[in-house]
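Using numbering that gives the first Met the number 0, you'd call the opening residue of the sequence shown number 0 and step up by one each time.
Think of the CB as a built atom: it goes at the ideal place given N, C-alpha and C, for glycine as much as any other residue.
Quick caveat: nothing in here was measured; it's all calculated off a predicted structure.
A short worksheet on the structure shown next.
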Amino acid sequence: MSGGYVLGVNWWFHDGAAAVVDPAGNVLWMAEEERFTRHRHGWGEFPVAAVAAGLAETGVDREEISLVAVGWQPWLANHPSGQAWRPSYADPAVLAQDLLGWDRLPAGCTFSFFDHHDAHAASAFYASPFDDAAVLVVDGHGERASVSIHRGGRRTGITPVECYPRPFSLGYFYEAATRHLGFRLLEAGKTMGLASYALAAEPLFAFADGIPPGARALRADCTWDEAATAWGTWFQDTYGPVSTPTACLHRDPLAVRIAAQAQATVAAELARLVARARELTGLDAVCIGGGVAQNCVAMGAVDEPVYVPPFAHDAGVSLGAAWLTTGGPVLPQGVSPYLGAQTQPRTADQLAGWMSVDYTPDLVADLLRCGQVGAVYTGRAEVGARALGHRSVIARPDDTAVRDRVNRMKGREPWRPLAPAGLAECDGVFWDSRGSRSRYMTASAPMTDLGRSSLPGATHVDGTCRMQVVRETGVVHDVLRALRGGGHDPVVLNTSFNDRGDPIAHAGADVAAAAERMGLDFLVWDDELLRPAGGPR
Ligand SMILES: [Fe+2]
């Protein structure tokens, strides 16, 4: 490349995103398109708004972009109808118009298209603290592969080692189970949560034995639609229908069994693939990316040394594609996920009826201890599916009634767990530590006896939790310190700040609307503490 900035993008299928990377591989900005368009997962959307915001917030001029790195080779991707690669995109000016919203491509700027799994591998490896590592990518599909193993090296780059075609897709299989249970596409996390209601489950089959039974009729380059039909038939034939409303699935033994067996199958396969990646590369350190790496239960079962990025989903390939051209930064702690847009100032008409006082951590700690439920809107937005304290709803973790209220406020199924966020001293005390995976909610782990007794609102039905160890300074860190200073456990419940079905709140208007609709008791908006007139609900 010519030494300018690189604009990484993901634009194909879902989770469109943009990343701005400097010539040394430092990531300056990254965000998903859904945060701007308010269309969850941004199906088929070009990351036009994310690109514009990324350049505006970093101050990088469009003329300074020497390369647009794309995390797909879309003409090979064989996607569902309506997302065809147009022949006119061979003209970079036409592509720049649609993909980036640019009326022209800067002089000297070019497009590069990268293999989707290579881009996932780069996003996982270069974000990690390792110099050399095996890299495992597991998702629905890339251009050809559904599972791939790579070798990653700071000096040698990303080298493919082995891949499996689409009928072996763990993502297809798990999404099909999710749909059979009545959830929507990309709601696989709900299946994982439901699986914990089973006492035990065995894997349904081993992918190592060959193409799994529901996928045997599929072509190597099948589409998701074809796979969904085939797997849907298999689930129907194997289990019969599930007609229980999703809010009550935890009481349906058939639904719980389906979820638990699907989870056991994926977990066993991921464990096998991690072992194979280590064997093939001769490296113990392993990085795991792709959408299936968001299965925090399976990720929590992997032995160290392991790294799972907070952007394992498709948005991460925007950054991975850029890093395939620049190489990545070497950061002992891995890459921070606080890469997105800054907060917007509150306007006079937003939450106009709410009372405003200066925010102090002690005041928020007091409100939490009184059982109030609030949200935090501060600093730069987190990239990825998890809210990590900058766009979070927070509450006390020691009261299941408060947890149940949070689920009602967010329109979540009542059986779904909520996660704890605590200071570093909690790691290994309230829950078993999972090293770097404890930091950004990329793994779950068993709670200790002390954790289960002290934090029942943050304990899932199987005695586990998906924890966040808060190390970055900021509002949540300060509130946790205030709780500790008051003699309380430095832990809060932490869940994403969004109403049912919405992406995480992003613009000021989203924040104000979500706060009203959800019925929050308080909101920390930068340095303001806002409370509804008339007191808590
Ligand atoms: Fe992917």
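Residue 1, DSSP secondary structure in three states: Low per-residue confidence applies at residue 1: pLDDT is 49, beneath 50, and the placement is therefore not dependable enough to give any value.
Ligand 1 and residue 316: does the residue's C-beta get closer than 8 Å to at least one heavy atom of that ligand? Checking every heavy atom of ligand 1 against the Cβ of residue 316, one is found closer than 8 Å.
Following a CB-centred definition, is residue 119 positioned closer than 8 Å to any heavy atom of ligand 1? With a cutoff of 8 Å, residue 119 counts as near ligand 1, since its C-beta is closer than that to a heavy atom of the ligand.
Can you list, in chain order, the residues of its chain with a C-beta nearer than 6 Å to that of residue 203? Leave out the 5 residues immediately preceding and following it. Cβ neighbours of residue 203 beyond the five flanking positions: 260 and 264.
Check whether the Cβ of residue 115 sits closer than 8 Å to any heavy atom of ligand 1, and report yes or no. Checking every heavy atom of ligand 1 against the Cβ of residue 115, one is found closer than 8 Å.
Here's the rule: buried if 16 or more other CB atoms are within 10 angstroms of the residue's CB, otherwise exposed. What is residue 374? By the 10 Å Cβ count, residue 374 comes out buried.
Euclidean distance between Cα positions of residue 306 and residue 378: Cα-Cα distance, rounded: 25 Å.
Cβ-Cβ distance between residue 490 and residue 422 below 9 Å: Yes. Within cutoff.
With a threshold of 8 Å, establish whether the CB of residue 15 neighbours any heavy atom of ligand 1. Within the chosen limit of 8 Å, ligand 1 does not reach the beta carbon of residue 15 with any heavy atom.
Across which residues does DSSP place residue 214 in a beta bridge pair? When DSSP reads this structure, residue 214 sits in no beta bridge, so it has no partner.
Please work out which residues of its chain come closer than 6 Å, Cβ to Cβ, to residue 1, disregarding the five sequence neighbours upstream and downstream, and give them in chain order. The predicted model places residue 1 with a pLDDT of 49, which falls under 50 and marks its position as unreliable; any figure quoted below should be read in that light. The residues 65, in chain order, have a CB closer than 6 Å to that of residue 1 in the same chain once the five nearest residues on each side in sequence are set aside.
Rank 215, 184, 186 and 205 by C-alpha distance to the C-alpha of residue 165 and give the top, closest one. Nearest option by C-alpha distance: 215.
Along the alpha helix (DSSP H) that carries residue 242, what are the first and last residues, could you check? Neither: residue 242 is in no alpha helix (DSSP H) and is coded neither H nor E.
Enumerate in chain order the residues of its own chain whose CB-to-CB distance from residue 548 is below 6 Å, with the five nearest sequence positions on each side excluded. Outside the shown range of the chain (0 to 536) lies residue 548, about which nothing can therefore be said.
8 Å Cβ shell around residue 558 - same chain, five flanking residues per side excluded: The requested residue 558 does not occur in the structure, where the chain is confined to residues 0 to 536.
From the DSSP output, in three-state form, read off residue 28 for me. In this structure, residue 28 counts as strand in the three-state DSSP scheme.
Nearest to residue 344 by alpha carbon, out of 122, 527 and 37? Taking only the C-alpha atoms, the option nearest residue 344 is 527.
So what's residue 112 in DSSP terms, helix, strand or just coil? Residue state, collapsed to three classes: strand.
For my contact list, residue 428 and residue 447 are in at a C-beta cut-off of 8 Å; report their separation, rounded to the angstrom. Contact holds; Cβ gap of about 7 Å.
Can you round the beta-carbon distance between residue 262 and residue 205 to whole angstroms, since I take them to be within the 8 Å contact cut? The pair is not a contact, with the Cβ atoms about 15 Å apart (cut-off 8 Å).
Could you give the DSSP three-state label for residue 439: helix, strand or coil? In this structure, residue 439 counts as coil in the three-state DSSP scheme.
Is residue 149 near ligand 1, judged by its Cβ being under 8 Å from some heavy atom? For ligand 1, not one heavy atom lies less than 8 Å from the Cβ of residue 149.
Can you tell me whether residue 130 is buried or exposed, with buried defined as 16 or more other CB within 10 angstroms of its CB? So residue 130 ends up on the exposed side.
Separation of residue 98 from residue 5, as counted between CA atoms: Separation of residue 5 and residue 98 (C-alpha to C-alpha, rounded to the nearest whole angstrom) is 15 Å.
Taking residue 147 as the reference, give the member of 298, 280 and 105 with the closest Cα. The residue with the shortest Cα to Cα distance from residue 147 is 280.
Following the continuous alpha helix (DSSP H) through residue 40, name the residue where it begins and the one where it ends. Run containing residue 40: none; DSSP gives neither H nor E here.
Is the beta carbon of residue 269 less than 9 Å from the beta carbon of residue 300? Yes, Cβ-Cβ distance for residue 269 and residue 300 is below 9 Å.
Cβ neighbours of residue 51 in the same chain (closer than 7 Å, five flanking residues each side left out): The beta carbon of residue 51 is closer than 7 Å to those of 100 in its chain, skipping five residues each way along the sequence.
Start-to-end residues for the beta strand (DSSP E) that takes in residue 248: Looking at the DSSP string, residue 248 is not in any beta strand (DSSP E), and its letter there is neither H nor E.
On the three-state DSSP scale, how would you describe residue 257? It is helical.
In chain order, each beta strand (DSSP E) run of at least 3 residues that lies wholly inside the stretch 388-430: Whole beta strand (DSSP E) segments, 3+ residues: 390-394 and 418-422.
On the three-state DSSP scale, how would you describe residue 131? It is a strand residue.
Express the C-alpha separation of residue 232 and residue 32 in angstroms, rounding to a whole number. The straight-line gap separating the alpha-carbon atoms of residue 32 and residue 232 is approximately 33 Å.
Just jot down, in chain order, the residues whose CB lies closer than 5 Å to any heavy atom of ligand 1. Ordered by chain, the residues meeting the criterion of a beta-carbon within less than 5 Å of a non-hydrogen atom of ligand 1 are 138 and 313.
Simplified DSSP state of residue 168, which is helix, strand or coil: Residue 168 falls in the coil class under three-state DSSP.
Tell me the rounded alpha-carbon separation between residue 12 and residue 413. When rounded, the distance between both Cα atoms is 31 Å.
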